[in-house]
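Going by UniProt numbering, 33 is the number at position 33 of the sequence shown; the sequence numbering is gapless.
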Amino acid sequence: MMDEEELVAFITADPLAWRIWLAGYESGLARGHDDERNGMENLADLIARRQLTLQACEQHIKAELANTLTMAEVRAARASTRPGSYRGGPVAWDSEGDR
C-alpha cells in the first residue's frame, strides 16, 4: 500500500493516472456543488414550510405563550408564599377569572 507521498508522486508522474485522478476530482467537486445546491433548496423549502405553519398557528402560539407566562407567574407566586405569610390581597392562582 502506498503512502500519500508515493501516491502523489505516482499520480503526477503518470499522465494517464493524472487524467483519471483529475476526472475523479472534478466529478467529486461537481457532485459536491450539486449536493450543496440541493441542500440549499431543501433548506429553503423547509424554512418556507415552517413559516407557513407559524402563520397558520399564530393565534394558538400566542395563547400558549400567554398561558405559559401565566403559569410561570403562578409557580413563582406559589414558591415565594410561605404558610402564615399571607397578608391579604389578590392571590394569582385563586382569582375569579380562573373559576
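Beta carbons: idealized from backbone N, C-alpha and C, even for Gly.
Given the structure is predicted, the values throughout are model-derived calculations rather than measurements.
Problem set entry | Whole-angstrom distance between Ile47 and Cys57, CA atom to CA atom | 15 Å
Problem set entry | Nearest-angstrom Cα separation, counted from Ile11 out to Gly3 | First, the residue type needs correcting, since residue 3 is Asp and not Gly in the sequence shown. Roughly 12 Å separates the two Cα atoms.
Exercise. What is the residue span of the alpha helix (DSSP H) that Gly89 lies within?
Worked result: Counting along the chain, Gly89 falls outside any alpha helix (DSSP H), and DSSP gives it neither H nor E.
For this session: Use the C-beta contact count for Arg99: other C-beta atoms within 10 angstroms, 16 or more gives buried, fewer gives exposed.
Result: Because Arg99 sits at a pLDDT of 48, beneath the cut-off of 50, its placement in the model cannot be relied upon, and the following sentence gives the value as read from the coordinates. That one is exposed.
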